[in-house]
Every structure is written in structure tokens, then in C-alpha cells.
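Novice: Basically our numbering = 1-based index in the sequence shown + 67.
The C-beta atom is built at its ideal place from N, Cα and C for all residues, glycine as well.
If you scroll down you'll find the structure; I have some questions about it.
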Amino acid sequence: MTEPKVRAGTTVDDIYQVLRERIIEGTYGPKTRMSQRDLAEDLDVSRTPLREALRRLEADGLLVSEANRGMQVAPIANADTEQHYAMRLLVEPPVIAALVDEFSEADLEAMREVLDRMAAVVDRTREFQEAHRHFHDVALVRYPPAIAELTRSLHTMIYRHQRAYFSRPRAPEEILRTDEAFLAAIAARDSGLVRQLLEFHLLDAALGLVLDIDPDHRFDAVLLALRGQGITLDHDEKGRVARPARVGWVRLEAARMPAITTTNLVYEPRSET
């Protein structure tokens with residue numbers, strides 16, 4: 068892949084986008100020291116817009132500051148990724164359910180077009196990831212500004228983790244199948260099913276990304292978020308999850324999804340109480 072460049076007349080936004088892409092792509096790996104002098108020379112930019120771009124990247128969570136060491140690229144930690152998904156589980160499904168009637172036909176058509184692109188590149192992981200991100204970005208324009216900003220930040224952190232570790236060969240087909248059902252539920256204005264499918268999708272993605280790296284990971288933040296949302300997940304007393312794990316909904320308003328099985332999860336309506 069061609070490394071992103073900056074152009075003449077570079078702005079803070081230009082510098083930010085180039086550095087962000089390099090961090091996500093792994094050009095600057097975790098704990099890489101981000102020397103302002105070296106970066107200014109490499110990018111051929113002045114220090115003032117560079118400093119602002121670095122501050123924005125720190126606010127995104129892509130950089131961290133350490134005393135006497137300046138800024139470094141943030142590490143990629145399973146525990147952090149689990150917490151990012153826990154926050155998404157708490158925020159996004161109820162927001163999407165509340166906004167389902169506000170999706171326009173243009174929104175739905177845009178999502179259908181992205182689904183077609185996802186299907187066309189299902190065997191090309193990086194292109195599939197990018198298309199999948201665009202699919203869910205369509206909804207972000209409907210979010211209230213503060214919620215949209217938080218969600219974009221969480222997406223960025225998770226997307227970086229995905230770019231580094233996304234490799235399961237069956238995952239793209241499973242994601243595509245769930246997204247197709249999700250879009251159909253939005254088109255039908257079925258808010259309960261929209262919420263439930265997004266909860267399933269986020270949990271499925273969280274388990275896949277975290278457990279592919281550490282099969283013995285002990286979940287806590289995700290399990291807390293699930294309890295708060297009235298969702299059950301099979302796990303042992305230490306928070307370890309064996310795949311595929313059975314998931315269920317206990318809240319009274321939960322929709323009745325059809326049975327779904329992925330590498331990570333099993334949902335069977337008849338198991339509900």
C-alpha cells in the first residue's frame with residue numbers, strides 16, 4: 068500500500084489524516100516515539116499545525132503522552148478493545164432503535180450499495196473492513212453530535228485493532244449476513260429487531276477480535292454492559308468465554324430474532340425465557 072503523503076499548503080486536517088492513517092496501517096507501531104522534529108522534517112511541515120494534529124490524535128486515543136518522553140503511539144491492548152466494545156453496546160443499539168424512523172430512502176440505498184461492495188470484496192480483508200466501516204458510518208450522521216463524536220472515537224480505536232489482527236477466514240461472510248439482516252430490519256422500521264441485531268453484531272465482533280488474540284481472555288466490561296442491557300452470555304466464573312457461546316435476551320421488549328450461529332455466538336429463540 069502506498070504510504071499517505073502530505074501536499075503543499077498542508078493544513079492541520081491534512082497532517083492529522085496522514086498521521087492517523089499511518090498509525091492505523093502500522094507504519095508507526097505501538098510505543099513509537101512521535102518526535103516533532105523528525106515528523107516535521109519527514110512531512111515537510113511546520114511545527115504549529117503538526118502540534119495541533121498530534122493533540123487531535125491524542126484526543127482520539129491514538130497517541131499517549133508520557134513524562135519526559137513526549138508523545139508515543141498508543142499500545143493495542145485486548146482489555147482496552149473490550150472496553151471500547153462495552154461502551155458501544157451501551158450506547159449504539161438504543162440510539163439506533165430510537166432513530167430507526169429517521170433513516171431516509173437515500174440512507175437505505177447508500178447502505179445497500181455498501182453491502183453490495185462488501186459482498187464483492189468478501190475475500191479481500193482490508194477492502195472488506197473499509198466497506199464495513201462505511202456501512203455503519205451512514206447511521207452516524209443521524210446521531211446527536213456528542214454521541215456521534217464518542218462513537219467515531221470508539222470506531223477509530225477498534226478499527227485500528229481490526230487492521231492489525233482481523234484474519235478469521237469465515238468472519239467476513241458472517242458479518243455480511245448479519246449486516247444484511249440489520250439493514251432489512253431498518254427498512255422495515257422494526258426498532259426492537261434493529262436493536263437486537265446490532266447488539267448481536269457488536270458482541271459477535273467483540274468476541275471474535277478479543278478471543279482470536281487471547282482465547283483465555285477474562286471478560287468483565289462486556290459482561291457488565293450485557294447485564295445492564297438485559298442480555299445473557301454463557302461464560303465461566305472467571306469471565307472466560309468458550310466459542311460459540313450461547314447468547315440470550317431477558318428484557319421483555321426484546322424482539323424475536325431468527326436463529327443465528329456464527330464462529331463466536333449461538334442464538335436460538337426457543338432458549339429464551
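Would the segment 150-165 count as touching the segment 287-305 if we require 3 or more Cβ pairs under 8 Å?
Specialist: Output reads yes: the segment 287-305 touches the segment 150-165.
Novice: Does residue 275 pass the burial test, meaning 16 or more other C-beta atoms within 10 Å, or should it be called exposed?
Specialist: Buried, by the Cβ-count rule.
Novice: Is the segment 222-233 touching the segment 141-154 in the sense that three or more CB pairs, one from each, lie closer than 8 Å?
Specialist: The segment 141-154, when compared against the segment 222-233, does touch it at the 8 Å Cβ threshold.
Novice: Just the Cα atoms here: how many angstroms apart are residue 334 and residue 271?
Specialist: Each residue's Cα considered, the two are about 11 Å apart.
Novice: List the DSSP bridge partners of residue 334.
Specialist: Per DSSP, 327.
Novice: Tell me the rounded alpha-carbon separation between residue 97 and residue 147.
Specialist: Distance between the alpha carbons of residue 97 and residue 147: 14 Å.
Novice: Which of the three DSSP states, helix, strand or coil, is assigned to residue 304?
Specialist: Coil.
Novice: Exposed or buried, what is residue 320 when buried is set at 16 or more other beta-carbons lying within 10 Å of its beta-carbon?
Specialist: It counts as exposed.
Novice: Give the secondary structure of residue 102 by DSSP, where H, G and I count as helix, E and B as strand, and everything else as coil.
Specialist: In the structure shown, residue 102 sits in coil (DSSP, three-state: anything other than H, G, I, E or B).
Novice: On the premise that residue 240 lies in contact with residue 181, defined as a C-beta separation below 8 Å, what is that separation, rounded to the nearest angstrom?
Specialist: So it is not a contact: roughly 16 Å between Cβ atoms.
Novice: Indicate whether residue 301 and residue 288 have their beta-carbon atoms separated by less than 8 Å.
Specialist: Result no, Cβ atoms of residue 301 and residue 288 do not sit closer than 8 Å.
Novice: Leaving out the 5 sequence neighbours to the left and right, which residues in its chain are closer than 8 Å to residue 278 when beta-carbon positions are compared?
Specialist: Answer for residue 278: 284, 308, 310 and 331, listed in chain order.
Novice: Does the beta-carbon distance from residue 149 to residue 267 come in below 8 Å?
Specialist: It is not a contact, given that the beta carbons lie outside the stated cut-off.
Novice: Jot down the residue ranges of each uninterrupted alpha helix (DSSP H) in the segment 176-245, minimum 4 residues, whole runs only, in chain order.
Specialist: Whole alpha helix (DSSP H) segments, 4+ residues: 192-207 and 212-232.
Novice: Quick one: Cα of residue 126 to Cα of residue 208, how far?
Specialist: Computed Cα separation, rounded: 21 Å.
Novice: Do the segment 162-179 and the segment 247-266 make contact, defined as three or more Cβ pairs closer than 8 Å?
Specialist: Counting Cβ pairs under 8 Å, three or more are found: they touch.
Novice: Return the chain-ordered list of same chain residues with a C-beta closer than 7 Å to the C-beta of residue 161, the five sequence neighbours on each side being excluded.
Specialist: Cβ neighbours of residue 161 beyond the five flanking positions: 262.
Novice: I'd like the span of the alpha helix (DSSP H) that includes residue 259, first residue to last.
Specialist: Unbroken alpha helix (DSSP H) run through residue 259: 258-280.
Novice: On the criterion of 16 or more Cβ atoms from any shown chain inside 10 Å, does residue 168 qualify as buried, or is it exposed?
Specialist: It is exposed - the Cβ of residue 168 has fewer than 16 other Cβ atoms within 10 Å.
Novice: Are residue 93 and residue 231 closer than 8 Å when you measure CB to CB?
Specialist: Yes, these two residues count as a Cβ contact at 8 Å.
Novice: Are there 16 or more other CB atoms within 10 angstroms of the CB of residue 81, so buried, or fewer, so exposed?
Specialist: Buried.
Novice: Measuring only the C-alpha atoms, how far is residue 306 from residue 291?
Specialist: When rounded, the distance between both Cα atoms is 10 Å.
Novice: For residue 327, which residues from the same chain have a beta carbon less than 6 Å from its beta carbon, with the 5 sequence-adjacent residues on both sides left out?
Specialist: Answer for residue 327: 334, listed in chain order.
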